[in-house]
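These protein sequence lines are chains S and B, in that order.
Count along the first sequence from 1, then add 669; that gives the number in the numbering used here.
Count along the second sequence from 1, then add 210; that gives the number in the numbering used here.
By construction, the Cβ of each residue, glycine as well, lies at the ideal position given by its N, Cα and C atoms.
Just so you know, these numbers come straight off a predicted model, no measurement behind them.
Working notes, structure below.
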Amino acid sequence: MMRHIIPQLPIMPLQRVSPSRFTAMKLCSLQEVWASKCDPLLPIFPEARLGSVIHKMLELSAKGLMDIEQFDDHWMVQIEKVEMKIAQIWQEEQFVPLSTSVKNYYVKRALCYKVANNILRKMLYSRQRSGRVNPELRVNSPDGYITGIIDLIRKDNDGVQIVDYKTGLYMSTDRTVKQEYQDQLKMYAALYFTQCGIWANRLTIIGLNQVELDIPFTPSECIDVLNSAKQLIDSINAKIHAGCTQESLANPTPESCKHCCFRPACALYWLYRDNTMIWPTDIRGKIIHQQLLGNGLAKVIVQDRLSEMSVRRLSPARHTFLNEDINQVILCNLKREKSLNSFVESQFTTGFI
Amino acid sequence: MPKAFRTDLSFGANAKEDDSVLQGSPSLVVESKDTLVEEISGTNMSVCFLDNGRVWRINDNGGLLFKGGECQTPPPPTSVKTKVIPTLENQWISSEYGGPSNEEIALGAPKTTEVLRIFPTKVPIGLELNHHHSKEAVRGAIFSSAFLIQRVFASILDIDPDEIEIGNLAQREAGGKNVADIVFSDRLANGSGFVKYLKEHLTSVLTEACLPVVGSGSYADIILSQAHLKGCPSSCVDCLRVFRNMSYHGLLDWRLAISYVRILLNNEHKVGLDGDFSYPELVGWRETATMLRDSFIKTFNCEQRLWDTLPGFKASSRVFIVVNPLWDLENPYGILADSVAAAIYETGIEPEFIDTFNLLRRPGWCHQELSKVSR
């Protein structure tokens, strides 16, 4: 039962922010404040967990810590590590094994193999051309507030290339690299300059399909992005030091809340959202009817401020509070059914009381 | 279900010859009832047996249904010979014979008999056994295996294959994935014991279907003989085609039938995804797939490609891989995953799939389908 109770989440000043989080922070400061100090309330997608394994494999290749013949062994070790971790997280334990919960798991693994092999070959080629490859370089802003790890630095006679690997979708609908990734790489360039005194001449994103996309940039743009990140952190911290409430940091919109793992605890989210499709498929309200069906799964009717909603296929084993006498419930990440106000459990569904 | 049939009570006329031909036998629908599911140990199949299953033979007039309606007969007499016909109320008369046309019905004939349902306990990783998958191909595989089991069983007991009948597929869930029941029932009302016997000897019947004694001359041995293997690309009168399953001829495929039977026997069977194409039904599959691909793209402006170990092609900005219809395309596994990765790695494009079942039977339709998707 205890795990289904939303804890009191602290509001504390930001101490360190990664360039990869800048866009999320711009969208909603509260999300970043909570993410810096608290465990997520909602599950992290298993695709993201697999992405971290792929990143690790590419890091091992880039550091020359793995031969391609050892790929399978290293893969298994990394997967086991992640699976052991998520088996301890009650919101994510159902995603073990990742091979069945992640779509295209084996394709991603085969692609990772090809990319790792390519990295190893390029490293060899680069060494032969007396070029240098530096994997995993940590870069920090002088005040230490902004810190990140660059996946790969390639140096040759043409200059310095900053490379970031992306294991998921990195293109936006208008067929350009997503703005958040452009900003991330521009911040890396500025941080690299601050730390090493050299401007990179190429900022490149490499996907698992091995397509290399260069991001156009100017040094002043990079400095601007870094400065705006610093200003944002300063303003958030100033508000927090002044004793602000969560409401003054939150910015609930369908876009910012879609991937937020803290929205069950966000008062403004529940105030602003409605039951239209643009918002995440969550409900909160009073249970007015509860029934255990013949298939062992539960059905509840929940009354919120707008309407009555029916939720089926809820597993009492996953949502242990369904065995108790409860009144209010929050169910996040449901799946919509065709009929209005009808939902079913998905593998991401998480419940709170 | 009509309570009775009658003639038009006249002296009649000479029968018209072949004025309505119905191909094969009408479909058989078996009512589903809650029965105990029994896992057959040492295999990947589960069964449900009912000694009082309700089975319906449905005649839907080849899908057109029968048009007609209730009326009083006869209409005013036109011949002196009909004056003895009594007036009858509430007669359902087909519109072909002068009845109204306000109803469309199918005819049903029920019986109670022994029923056996067979389904895979687990879907092997990398495969898809939902009968809606691969545009009829999986359905074809399941029906083909049902006819194969029927014929092998009849050959073992030396009985007429029609002693046991095959019902329509019924969907169920196994391990979180959709699968279909193969439904067998005794032809005789109240059961003849054949279906019960099949249940008791299911493992040996299925083993005989895919691993017959070589040279025994049994039905399964003939199917797996070199001569049949080379001469029959999908189905023929020597393997699965008979008059009574005429309406299924387009779906029948002995290779898929044997693959499906192997899946029922072994939940580790991968239908070639593990790179093992040594089973008789899979020997030469890649070569056949390559040949079908070549023939398909001959008329279109496509570029032949080999994606890792699987044949495929590139058509402008689209990439295709030729696949076995039983492979799961949502979550590729084994050599298919390697092939998908190779296509993405080389072109940066997510590949699409085209299966050998449809490429072999209806290449024109395949081309139409591909055009639809691209629009």
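Other residues of its chain near residue i: CB distance less than 6 Å, five sequence neighbours each side excluded
i: B:F259; result: L326, K409
i: B:Q282; result: E299
i: B:V533; result: F563, D565
i: S:P709; result: C930
i: S:R942; result: W948
i: B:N640; result: The requested residue 640 of chain B does not occur in the structure, where chain B is confined to residues 211 to 585.
i: B:K406; result: E324
Residue-chain proximity (residue i, chain B), Cβ-Cβ < 7 Å
i: S:Y775; result: yes
i: S:V1013; result: no
Contacts that residue i makes with chain S (C-beta to C-beta distance below 8 Å)
i: B:P542; result: N773, Y775, V776
Chain-ordered neighbours of residue i on chain B, where CB pairs are closer than 9 Å
i: S:Q677; result: Per Cβ cutoff of 9 Å: no residues; S:Q677 is ~37 Å from chain B at best.
Test: residue i CB closer than 7 Å to a CB of chain S
i: B:D565; result: no
i: B:R585; result: With a pLDDT of 46 at B:R585, under the threshold of 50, the predicted position of this residue should be treated as unreliable, and no value is reported.
i: B:D659; result: Outside the shown range of chain B (211 to 585) lies residue 659 of chain B, about which nothing can therefore be said.
i: B:A547; result: yes
i: B:G222; result: no
Amino acids of chain B, ordered along the chain, whose beta-carbon sits closer than 7 Å to that of residue i
i: S:P780; result: Looking at the sequence itself, residue 780 of chain S is Leu, so the reference to Pro does not match. Neighbours of S:L780 on chain B, chain order: A551, I554, Y555.
i: S:K783; result: A551, Y555
i: S:N878; result: I554, Y555, G558
Beta-carbon contacts of residue i that lie in its chain and below 8 Å, excluding the five residues immediately before and after
i: S:L633; result: Because residue 633 of chain S is not part of the residues shown, which for chain S are 670 to 1022, the question remains open.
i: S:E977; result: I957, I970, V971, N1010
i: B:V265; result: L238, V239, V240, E241, P320, K321, T322, T323, V325, E375, G377, S395
Neighbourhood of residue i by C-beta distance below 7 Å, restricted to the same chain and skipping five residues each side
i: B:T498; result: T566
i: B:V333; result: L339, A384, G385, K387, V389
i: B:T253; result: T413, L474, L475
i: B:R585; result: Its pLDDT being 46, under 50, B:R585 is placed unreliably by the model, and the measurement read from it follows with that caveat. Nothing listed; no residue qualifies.
i: B:L398; result: T323
i: S:I902; result: L683, V686, Y814
i: B:Y335; result: With the sequence shown as reference, residue 335 of chain B is identified as Ile, and Tyr is not the correct amino acid for it. Cβ neighbours of B:I335 beyond the five flanking positions: Y543.
i: S:G720; result: T836, G837
Sheet register partners of residue i (DSSP bridge)
i: S:K847; result: Answer is none; S:K847 lacks a bridge partner.
i: S:G954; result: S:V998
i: S:V829; result: S:K824
i: B:F276; result: B:I315
i: B:A547; result: In the DSSP output, where bridge partners are listed per residue, B:A547 has none listed.
i: S:R718; result: Answer is none; S:R718 lacks a bridge partner.
i: S:Q972; result: S:K955, S:E977
i: S:G1020; result: S:L1000
i: S:M840; result: S:V846
7 Å Cβ cutoff, residue i in contact with chain C
i: B:Q282; result: As a matter of chain content, chain C is missing from the structure shown, whose protein chains are S and B.
_Count Cβ pairs between the stretch 516-530 of chain B and the stretch 357-376 of chain B that sit closer than 8 Å; are there 3 or more?_
no
*Flag this pair as touching only if the stretch 301-311 of chain B and the stretch 236-248 of chain B have three or more C-beta atom pairs under 8 Å; answer yes or no.*
no
For the structure I just gave you, are there three or more beta carbon pairs, one from the stretch 486-506 of chain B and one from the stretch 456-472 of chain B, closer than 8 Å? yes
Within 8 Å, do at least three Cβ pairs link the stretch 822-836 of chain S to the stretch 864-873 of chain S?
yes
query = Taking one C-beta from the stretch 844-857 of chain S and one from the stretch 753-768 of chain S each time, how about it: are there three or more such pairs within less than 8 Å?
reply = no
Is the stretch 918-936 of chain S close to the stretch 676-696 of chain S, with three or more CB pairs under 8 Å? yes
Three or more C-beta pairs below 8 Å linking the stretch 352-365 of chain B and the stretch 450-466 of chain B: yes
task = Report yes or no: do three or more beta-carbon pairs, one from the stretch 804-813 of chain S and one from the stretch 757-773 of chain S, lie closer than 8 Å?
result = no
- Query: Does the stretch 871-883 of chain S come close enough to the stretch 781-790 of chain S that 3 or more CB-CB pairs lie under 8 Å?
  - Reply: yes
_I want to know whether the stretch 416-429 of chain B touches the stretch 358-368 of chain B - three or more CB-CB distances under 8 Å._
yes
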